[in-house]
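Trainee: In UniProt numbering, the protein residues as written are 1 to 905.
Let me give you the structure first, and then I'll get to my questions.
Now the structure itself:
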C-alpha cells in the first residue's frame, strides 16, 4: 500500500494497492471501485464529514494509472493482498472455490456439481475477497502474511506531539474574529504580519553588538547617536514659545504651556537614540527588493541608498530621510507585483517598524501595554527632528524670520488631525493607553487555602505575613547595629526625638528640621561625631594619619570604608521604606528625595507631622503631562524614623567631611551630600540597587527573591486585606463645605486657611488616610508604628504591642424598652386597626374559597356550607390588651436602636 506524495489519500482514508492498481479503504478493509471512490467516502463514511476533492482524485487516478472497475479474481493461489483481511476457509473438493462455512460449500457443490459434501472432510486454507459487493464478494485462496510484530520508534510520541502542537498557518480571512483581542481588531496588525511576514522579523531591528567597519550597517548606531545629540543640544537654544509649539499636539491657536524639554533622566534619551537606530536599521534592511516587495516613494529609496553609500555625510542624509518619511501622506493603495494586484495595508514604514517591535520570538504580537513606550519615544524623536528642521529652514529660507516661524510652517506634520505619521502614532498611543487602563491584568497569584489571607502563592512560592514580619525585624536589627556599632562606634549619643520641631511652611533653600535653630538644643553640636573621633585615641589613630600646623591629614582608606558603611545604611533605609511603610514608592522618586529644601524649588522629603516622621515623596510620572508633581506622604515606623534622625543628625556631617577628603575637587559629589537624602557613596542610588538588596533579604527570609517589581505585585493584596490600602489621592473631590463657599475642594485647600498640615500640598482631610495606611502596615509587620516620636531603644520591634480593638461604649444611659414598646403601640394602633380589618375581610373570602375547593374535591360537602370565622377584635382608642398588641422587636446594633413590629392575625 502507498499514498501519493502530498498525502491526500490518507486524508480521505484511502491507499493504493500497487498489485491491484486500485484503492483500498483503510477503515472498511475492502477494495473500493476507483470510479466510485468519492461516493464511497461521502456516503459510507458520511459521519466523518470528509470532503473529497474530485478533481484531485481524478488526477491521482490518471497519474497512477489505476483501473476503473473491480479487479479480476485470481485464478490460482497467490500471496495475500495488502490492506485486505485474511480468513480461514474451506475449499470445494470439485472446483477449488472457497467458502466460509461447510453449509456454503455444500450448497455450492449441490448446485454446481450435483454432489453433496456433508459427509466429506473438506480441505482448509487461507482466503481473501475484494469486497462484499455482489461483483467482488467471491473468496479466493492466498498465502498468508508472515507474522510481524509492530514496534514503533522510541521517539514516536515525542515527534508526534511536536507535530500536533505546531499551529497551522491560516490565511488571514480564515482567522475567527472572535479570537482576536480588541487591540488587534483596531490595528489589523495580525493581518499584516501574516500576509507580509518578511517585514515582521525581530532580527530586522537587531543592533550589532560589536560594530565592524567592514559592514556599513554596523556603523548606523554611531551616526544616529551623533545626529540625535546634535539635535538634542538645540533644545536649550530654542525659544520657549517655539518649544511650546513643538509640544502641542493639536492644530489650534492655544499652545501647550509645558514646552518641549530635555529628559529628566539621561537614560531616557539614550533609549530614544537606541529606538531611532533600530528604525534606521529596519528601513535599510527592508528597502524594496524581491524579499521585501512593498513599495516606497522613489525619493525615500534614493535617500536610503545615499545613506548606506556616503557615511561621511550620513548626518545630513539621515535628517533628510527622516523629514521625508515624516512629511509624507501615507495612503493605503494597491501595487503591482509580478503582474498581480497586491494590497499594501500599511504603507508607512514607521508604522511597519512599530509592528516589528511588537513581535515576539514565537511570532505572536505583544499586548498594547508594551507598545506605549515605543510610541512615546518615537513621538519625542519626531519632535526633535522637527526642531532641527526648524533650525535648518530658518537658516536657509530668508522668508522665515525665526526658528519659531519655521516651526509654525511645519505644524501640519507634528499635530493630530492630518494625514501624517505623527497623527497615526498619537492615535495608536491614545488607543493603546485606553485599552491598557481599562483592561485588568490576568491573575498571577492566589491566596493559600485556610491562611485567612495571610499567605500568598506567587510564582509557585509562598509569601506570608509571618515571614515578612520576621524579615522586617531582621532588617531593623541589622540597620540599628550598623548605625550604633559601626557608624557611631558604640558611643551613647542621645537625641530626644519627642522634642523635635518642624516649621512646615518654611520653603527657604537649605532648610530642614536638622537646620532649624529651634532644634539645636535637641540635636546638639553638628559635628559631634567628628569631635568624638578627635577625642578618642583609638579612633583618632584609626582615622588620622598626622597633624601639622593645625592641619589634619585624614586616612582616606578608613574614611572610604566608613563612607561605604554609611551608603550601606542608606540602602537598608531605602529597602525598609519600600517594603515596610505602606504602598511601595516608585524607586526613581524614592532615590531622588531631597534632605533639605533645594535651590531650585524642590522641598525637603523628611518632615514631622502630628507626631509622624514622614517622607514626602514627589510623584514625577505625570510631570510632563500635568506640568506639576504630586506629593505622597509615607509615615515611617518608629524605629526607622529614629534611625533616619540619628543618621542625618550625627552621621551625615561626618559623611560630608569624608567626601571633602576623598573627592576634594568634585563639586557634583559634594552637592549630592547637600541635597540628597540617600547617597550611594559618590552617586545617587538607582532602582537596581534597591532591587538587588531586596532580593538578597527576601531570598534569605522568604525563600524566594522578590525585587521591586515583584514586591509591588505581592504587597498589594496583602495591604488591601490587612492595612486598608489607600489606592490614590482623589484630586478635586467636591465637598459640601467647598461647594457652599462657591469653589472646588482643590481651591478650598490650596487658597483658603492653609494650615501647617496643608503645606504638604495635600488637603488636610486627605493627609490622615495616607498616614493611617502606613501605620496599619507597620502594625501588620509587627513593627512599632509611626506617630510616636520615641527614642531609638523604645522604637525597637521588641516593644511592639498589638493595637487594641475599639469597642462600643457601655456607659450609655439605660433604655426603657417597655416604655418604647408601649409608645410605639399607641402611635401606630390606628393604622394597625385598619390593617387588621382588611386582613379579616380578606381572610373571610380566602376561607370561603378554600372550603368550596375542599368540598368539591371530597364530593360530599355543600358549597353553601357556612364557614365559622374568628370574631374580629374591635379596636378602640384604648391600648390593646397585651396578648393582642402588635409584636415589637428591639434590635441594638452599634449604638443604634431598630424597632421592628408586626401583627399576629
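We put the beta carbon where it would ideally sit given N, CA and C, even for glycine.
In this text, all values refer to a predicted model and were calculated from it rather than measured experimentally.
Note down, in chain order, each residue of its chain lying with its Cβ closer than 8 Å to the Cβ of residue 389, except the 5 sequence neighbours on either side.
Mentor: So the qualifying residues of the chain are 319, 323, 406 and 410.
Trainee: So the candidates are 316, 461 and 645; which of them puts its Cα closest to the Cα of residue 484?
Mentor: Residue 484 has its Cα closest to that of 645, out of 316, 461 and 645.
Trainee: By the DSSP assignment, the alpha helix (DSSP H) with residue 118 in it spans what residues?
Mentor: Run containing residue 118: none; DSSP gives neither H nor E here.
Trainee: Is it a yes or a no for the region 657-677 touching the region 575-589, going by three-plus beta-carbon pairs under 8 Å?
Mentor: Verdict: no, contact absent.
Trainee: Report the rounded CA-to-CA distance for residue 956 versus residue 569, giving the unit in angstroms.
Mentor: Outside the displayed range of the chain (1 to 905) lies residue 956, so it cannot be described from this structure.
Trainee: Alpha carbons only, please: which of 65, 79 and 125 is nearest the one belonging to residue 92?
Mentor: Closest option to residue 92, Cα to Cα, is 125.
Trainee: Compute the Euclidean distance between the alpha carbons of residue 143 and residue 106, then round it to the nearest angstrom.
Mentor: Distance between the alpha carbons of residue 143 and residue 106 is about 24 Å.
Trainee: When burial is assigned at 16 or more other CB atoms within 10 Å of the CB, is residue 7 buried or exposed?
Mentor: Exposed is the call here.
Trainee: Taking the alpha helix (DSSP H) that residue 156 belongs to, which residues open and close that run?
Mentor: Where residue 156 is concerned, the enclosing alpha helix (DSSP H) stretches over 156-165.
Trainee: Using the rule of at least 16 other Cβ atoms within 10 Å of the residue's Cβ for burial, across every protein chain shown, is residue 648 buried or exposed?
Mentor: Residue 648 comes out buried.
Trainee: Leaving out five residues before and five after residue 17 in sequence, what residues of the same chain have Cβ atoms less than 7 Å from its Cβ?
Mentor: 1, 24, 81, 82 and 83, listed in sequence order.
Trainee: Between residue 140 and residue 73, which are expected to be in contact by the criterion C-beta below 8 Å, what is the C-beta distance as a whole number of angstroms?
Mentor: So it is a contact: roughly 5 Å between Cβ atoms.
Trainee: Could you name the residues of the same chain whose beta carbon sits closer than 7 Å to that of residue 118, not counting the 5 residues immediately before and after it, in chain order?
Mentor: 106, listed in sequence order.
Trainee: What runs of the alpha helix (DSSP H), each 4 residues or longer, lie entirely inside the region 229-311?
Mentor: Counting only runs of 4 or more, we get 240-246, 266-285 and 298-309.
Trainee: With residue 304 and residue 285 assumed to form a contact (beta carbons below 8 Å), what rounded beta-carbon distance in angstroms separates them?
Mentor: Wrong, their Cβ atoms sit about 10 Å apart, outside the cutoff.
Trainee: With a threshold of 16 other CB atoms inside 10 Å of the CB of residue 336, please say whether the residue is buried or exposed.
Mentor: By the 10 Å Cβ count, residue 336 comes out exposed.
Trainee: Under three-state DSSP, which class holds residue 606?
Mentor: Residue state, collapsed to three classes: strand.
Trainee: Around the Cβ of residue 9, are there at least 16 other Cβ atoms within 10 angstroms (buried) or fewer (exposed)?
Mentor: Per the 10 Å Cβ criterion, buried.
Trainee: May I have the straight-line CA-CA distance separating residue 43 from residue 423, to the nearest angstrom?
Mentor: Approximately 59 Å, taken between the alpha carbons.
Trainee: Taking the alpha-carbon of residue 298 as reference, which of 325, 167, 274 and 315 has the nearest alpha-carbon?
Mentor: Checking every option, the nearest Cα to that of residue 298 belongs to 325.
Trainee: Alpha carbon to alpha carbon, what distance is there between residue 246 and residue 415?
Mentor: Looking at the two C-alpha atoms, the distance is approximately 9 Å.
Trainee: By the DSSP assignment, the alpha helix (DSSP H) with residue 566 in it spans what residues?
Mentor: Segment 556-580, the alpha helix (DSSP H) holding residue 566.
Trainee: Over the uninterrupted beta strand (DSSP E) stretch that includes residue 314, give me the two end residues.
Mentor: First-last for residue 314: 314-326, but that is the alpha helix (DSSP H), not the beta strand (DSSP E).
Trainee: Check this for me: beta carbons of residue 475 and residue 607, under 8 Å apart or not?
Mentor: In this structure, residue 607 does not lie closer than 8 Å to residue 475 by Cβ.
Trainee: Count the other C-beta atoms from every protein chain shown that fall within 10 angstroms of the C-beta of residue 112, then say buried if there are 16 or more, exposed otherwise.
Mentor: With fewer than 16 other Cβ atoms within 10 Å, it is exposed.
Trainee: Measuring only the C-alpha atoms, how far is residue 308 from residue 327?
Mentor: One C-alpha to the other measures close to 21 Å.
Trainee: Specify the secondary structure class of residue 722 as computed by DSSP and reduced to three states.
Mentor: Residue 722 falls in the helix class under three-state DSSP.
Trainee: Which of the three DSSP states, helix, strand or coil, is assigned to residue 410?
Mentor: In the structure shown, residue 410 sits in coil (DSSP, three-state: anything other than H, G, I, E or B).
Trainee: My assumption, with CB atoms under 8 Å, is that residue 412 sits in contact with residue 401. Please give the rounded CB distance.
Mentor: No, residue 412 and residue 401 are not in contact; Cβ-Cβ is about 20 Å, not under 8 Å.
Trainee: For residue 129, which of helix, strand or coil comes out of DSSP?
Mentor: Correct three-state label for residue 129: coil.
Trainee: Rounded to a whole number of angstroms, what is the C-alpha to C-alpha distance between residue 369 and residue 437?
Mentor: Going by the C-alpha atoms only, they are around 9 Å apart.
Trainee: With burial defined as no fewer than 16 other Cβ atoms inside 10 Å of the residue's Cβ, what is the status of residue 836: buried or exposed?
Mentor: By the 10 Å Cβ count, residue 836 comes out buried.
Trainee: Name the DSSP bridge partner or partners of residue 416?
Mentor: In DSSP, residue 416 forms a bridge with 250.
Trainee: Counting only the same chain and skipping the five closest in sequence on each side, list residues whose C-beta sits under 6 Å from that of residue 640.
Mentor: Only 576 meet the Cβ criterion.
Trainee: Return the first residue and the last residue of the alpha helix (DSSP H) that residue 655 is part of.
Mentor: Residue 655 -> alpha helix (DSSP H) spans 652-662.
Trainee: Going along the chain, which residues of its own chain have a beta-carbon closer than 8 Å to the beta-carbon of residue 358, five neighbours each way excluded?
Mentor: 189, 365, 366, 370, 371 and 374.
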